[in-house]
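Top to bottom, those sequences are chains U and E.
For the first sequence, this note's numbering assigns the number 140 to the initial residue and increments by one for each residue that follows.
For the second sequence, this note's numbering assigns the number 2 to the initial residue and increments by one for each residue that follows.
We put the CB at the ideal spot given by N, CA and C, even for glycine.
Notes follow once the structure below has been shown.
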Amino acid sequence: MGIRILKGGMMTTVQDLGRTGYQSQGFSVAGVMDVRSFKIANLLLDNPENEAVLEFTLIGPTLEFTSATIIAITGGDFHPQVNGEPVPMYTALYMNKGDILQFGSARTGSRGYIAFSSYLEIPVVMGSRCTNMKSSIGGFKGRKLQAGDYMNFRIKRRYLPFFLSRKLEPENFDQDSAEIRVVMGPQDDLFSRQGIETFLNQEYTVTSDFDRMGCRLEGPFIAPKETSDIISDGIAFGSVQVPSHGKPIILLSDRQTTGGYAKIATVASVDIPKVVQRKTDHKIHFRAITVQEAQELYLKEIKELDAMRNIIHQPCKEVLDCRLVAKRLMKLFE
Amino acid sequence: MQNIRILTAGDSSLLIEFGKEISPEINRKIAATIQLMKEQHIEGVVDIIPAFCSLLINYDPRVISYEEIRERMKALVRVDVKAGETRKRIFEIPVCYGGEYGPDIANIAEHAGLSEEEVIRVHSSRDYLIYMLGFLPGFTYLGGLDERLHTPRLANPRIRIPAGSVGIGGSQTGIYPLDSPGGWQLMGMTPVKTYDPSREMPILVEAGDYIRFVPVDEAEYFRIKEAVDRGEYQCTVHEEEV
């Protein structure tokens, strides 16, 4: 009654929106990197917003289903196949007992997500099912998945209404270059005017030093006024930290709770998925927006996700149209 | 209190900077602000990270906007903290100093120009304020280490420092809550678990509490360790007025 991991891929973990409320004790939030793809995967199955999924990176896993369920795959395109046949993403898919779901390496994007209608049986630790690898808590034994791991489902849920309507336009992660909108601060005042101009006008390249903790960028030196060392303070998701080497690091899901380098800006929530779906050598341009604009974009995205939820709950047109149904039936009898 | 700045940290966080120095007064102000936030229960606050002289607040813009939370916090940090109104908790942490428990104690003694006995006496003769927790679950940033004991970090960090190690790194002293790589000079071990995921409260202490290191011999170390392993050990905690 669940899934067996046949191949773990490069880095496959159980994740949800993260373990919040414990950062004052030094626990990283962890949680999914691409919140948007995560939310879409769950909404395609009418799952609760924060239901745990599998997140995989650059090389996807291979899994065997030991019971029937419905899944949705979102994020980068890892060329998903069921029993050797390609299957679509951004749609609800029936899985039968014995089916083998296999992913290749990321053709576009760098992170993928699988949501399950039967919900993974993973214990809730401090309010979350997400894996915090550094503290070895949460998720599957506090670590990434490997061959032989077995997870049960919590419930039987093999029927979803409007099944044929559960299709959305796949997101496009194909761009080599992306504009990333940021809100300046909290410590932009520690950088020289020239430093800030460099940050906002020059191109930065994603290095291979890119994991769930952060994304190191290569590019022109961002000059501080005096020093970029500060008295350690709390770090937000998407903080752009600039240590004394002058190259920005975008801090992501597994970031430490606190750090001692100045943070020139913070990536707008809606653009963090764009950052985490980058690959080594991809380009990034930063553009400053106001905090109000960033919040408007965030609220707009929530509405967009609500609209998606509506779309997949409309009866499928082909089913509603009597003539189409009649035609299909005719064909069956011909 | 002057010079409090409210800074933006993206569309879902606010950073309140209470000053630019590490001092017990600023730390108390932060603790009092957190207390007020808890009492007033600000809708939409998701998480907080108190640090040496700042407080990061994560909030949900769906529930509370930037302007709203900024105004709420502006009013809140204006409230004065009165002396004598707060109490402090002091946790006694038993430590077996030196020998295989603290392989670098000779380095610390040599650097300070003291004997090992004096290093132990100086280290265990004062209470250390927990300014913040961070870096690892339950890792305490303690203030107030005697200047004579300030010792540079190891040139070659260790790959694995066992949980419970007590050490010195520069002007800081502290306890490793779990096995971790690190460059601190190790001076002893405590059998007490400052982080235990199987406990109802995984982290023993909070920012604003104090730690008092109490030297114990090897026999006492093992006696306490056994009690800890049975889940029967209770840390001695003193309460005093600030």
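Is the beta carbon of residue j closer than 8 Å to that of residue i?
i, j, result
"U:Thr213", "U:Ser176", "yes"
"U:Ala180", "U:Ala211", "yes"
"U:Val414", "U:Ile319", "yes"
"E:Leu143", "E:Leu134", "no"
"U:Thr419", "U:Ser347", "yes"
"U:Gln434", "E:Tyr67", "yes"
"E:Ile139", "E:Val167", "Per the sequence shown, residue 139 of chain E should be read as Gly rather than Ile. The answer is no: Cβ separation not under 8 Å."
"E:Ile49", "E:Ile43", "no"
"U:Asn271", "U:Ser383", "no"
"E:Ile212", "E:Ile94", "yes"
"U:Ile209", "U:Tyr258", "no"
"E:Tyr222", "E:Pro182", "no"
"E:Arg149", "E:Leu115", "yes"
Check the DSSP bridge columns for residue i and list the partner residues they point to.
i, result
"E:Asn59", "E:Ser14 and E:Asp48"
"U:Phe195", "U:Gly251"
"U:Ser267", "U:Val264"
"U:Phe349", "U:Cys354"
"E:Cys97", "E:Met190"
"U:His424", "U:Glu318 and U:Glu342"
"U:Tyr289", "U:Arg143"
"E:Glu207", "Its beta-bridge partners do not exist; DSSP assigns none."
"E:Arg90", "E:Glu240"
"E:Asp128", "E:Arg213"
"E:Ala175", "In the sequence on display, residue 175 of chain E carries Gly and not Ala. Answer is E:Gly168, bridged to E:Gly175."
If you draw a straight line from the alpha carbon of residue i to that of residue j, how long is it in whole angstroms?
i, j, result
"U:Glu203", "U:Gln395", "35 Å"
"E:Asp210", "U:Phe217", "49 Å"
"E:Ile246", "U:Met234", "The displayed coordinates of chain E run from 2 to 243. Any statement about residue 246 of chain E would go beyond what the structure contains."
"U:Leu184", "U:Arg268", "19 Å"
"E:Asp61", "E:Gly45", "5 Å"
"U:Leu284", "E:Ile109", "43 Å"
"U:Leu463", "U:Leu303", "15 Å"
"E:Leu146", "E:Ile121", "12 Å"
"E:Arg71", "U:Val406", "19 Å"
"E:Ser55", "E:Val238", "27 Å"
"U:Pro200", "U:Arg143", "11 Å"
"E:Lys194", "U:Ser163", "18 Å"
"U:Leu240", "U:Thr230", "15 Å"
"U:Thr159", "U:Phe255", "23 Å"
"U:Asn186", "U:Val345", "34 Å"
"U:Gly157", "U:Val264", "11 Å"
"E:Val217", "E:Tyr196", "20 Å"
"U:Arg351", "U:Phe425", "21 Å"
"E:Ile17", "E:Leu77", "11 Å"
"U:Lys456", "U:His421", "40 Å"
"U:Ile388", "U:Ser371", "16 Å"
"E:Glu111", "E:Asn157", "18 Å"
"U:Ile411", "E:Tyr234", "45 Å"
"U:Pro309", "U:Ala169", "25 Å"
"E:Ala208", "E:Lys39", "15 Å"
Just curious, the alpha helix (DSSP H) that residue i is in, first and last residue?
i, result
"U:Tyr298", "Run containing U:Tyr298: none; DSSP gives neither H nor E here."
"E:His112", "Ile106 to Ala113"
"E:Lys226", "Glu219 to Asp230"
"U:Val430", "Val430 to Ile450"
"U:Ser176", "Val174 to Leu182"
What span of residues does the beta strand (DSSP E) with residue i cover, start to end?
i, result
"U:Phe204", "Thr201 to Phe204"
"U:Gln125", "Within the shown structure, residues of chain U are numbered from 140 to 473, placing residue 125 of chain U beyond reach of any answer."
"U:Ala231", "Ala231 to Met234"
"U:Asp372", "Asp368 to Gly373"
"E:Leu143", "Thr141 to Gly144"
"U:Pro219", "No beta strand (DSSP E) holds U:Pro219; DSSP gives it neither H nor E."
"U:Val409", "Where U:Val409 is concerned, there is no enclosing beta strand (DSSP E), given that its DSSP letter is neither H nor E."
"E:Arg6", "Arg6 to Thr9"
"E:Arg161", "Arg159 to Ile162"
"U:Thr397", "Thr397 to Tyr400"
Exercise. Which residues, taken in chain order from the region 195-225 of chain E, show a beta carbon closer than 8 Å to some beta carbon of chain U?
Worked result: Taking 8 Å as the Cβ-Cβ cut-off against chain U, the residues of the region 195-225 of chain E that qualify are Pro198, Pro203, Ile204, Glu207 and Ala208.
Problem set entry | Residues from the region 48-64 of chain E in contact with chain U, defined by Cβ distance under 9 Å | Cβ contacts with chain U come from Asp48, Ile49, Ile50, Pro51, Ala52, Phe53, Cys54, Ser55, Leu56, Leu57, Ile58, Asn59, Pro62 and Arg63.
Problem set entry | chain E contacts from the region 384-400 of chain U (Cβ-Cβ distance under 8 Å) | If the cut-off is 8 Å between Cβ atoms, the region 384-400 of chain U has Gln395, Thr396 and Thr397 near chain E.
For this session: Mind checking the region 145-173 of chain U against chain E and listing, in chain order, the residues whose C-beta falls within less than 9 Å of any C-beta there?
Result: Only Thr159, Gly160, Tyr161, Gln162, Ser163, Gln164, Gly165, Phe166, Ser167 and Val168 from the region 145-173 of chain U bring a Cβ to less than 9 Å from some Cβ of chain E.
Problem set entry | Cβ-based contacts, 8 Å cut-off: residues of the region 161-175 of chain E near chain U | If you check each beta-carbon in the region 161-175 of chain E against every beta-carbon of chain U, none falls closer than 8 Å.
Problem set entry | Interface positions of the region 124-135 of chain E facing chain U (Cβ-Cβ less than 8 Å), listed along the chain | Taking 8 Å as the Cβ-Cβ cut-off against chain U, the residues of the region 124-135 of chain E that qualify are Met133, Leu134 and Gly135.
Problem set entry | Where the region 136-161 of chain E meets chain U: residues whose CB sits under 8 Å from a CB there | If the cut-off is 8 Å between Cβ atoms, the region 136-161 of chain E has Phe136, Leu137, Pro138, Gly139, Phe140 and Tyr142 near chain U.
Problem set entry | Members of the region 11-24 of chain E near chain U, C-beta cut-off 8 Å | Correct list: Gly11, Asp12, Ser13, Ser14, Leu16, Glu18, Lys21, Glu22 and Ile23.
For this session: Name, going along the chain, the residues of the region 351-374 of chain U whose beta-carbon falls closer than 8 Å to a beta-carbon of chain E.
Result: Taken in chain order, the members of the region 351-374 of chain U whose beta-carbon sits within less than 8 Å of a beta-carbon on chain E are Ile370, Ser371, Asp372, Gly373 and Ile374.
Exercise. If contact means a Cβ-Cβ distance below 7 Å, which residues of the region 271-298 of chain U contact chain E?
Worked result: Residues Ser274 and Ile276.
For this session: Select from the region 405-428 of chain U all residues with a C-beta closer than 8 Å to any C-beta belonging to chain E, and list them in chain order.
Result: For the region 405-428 of chain U, the beta-carbon criterion of a distance under 8 Å to any beta-carbon of chain E is satisfied by Thr405, Val406, Ala407 and Ser408.
Exercise. Any residues in the region 112-124 of chain E with a beta carbon nearer than 7 Å to a beta carbon of chain U? Which ones, in chain order?
Worked result: Residues passing the 7 Å Cβ filter: none.
Problem set entry | Residues in the region 305-337 of chain U having any Cβ partner in chain E nearer than 7 Å | Hits within the stretch, in order: Val322, Gly324 and Pro325.
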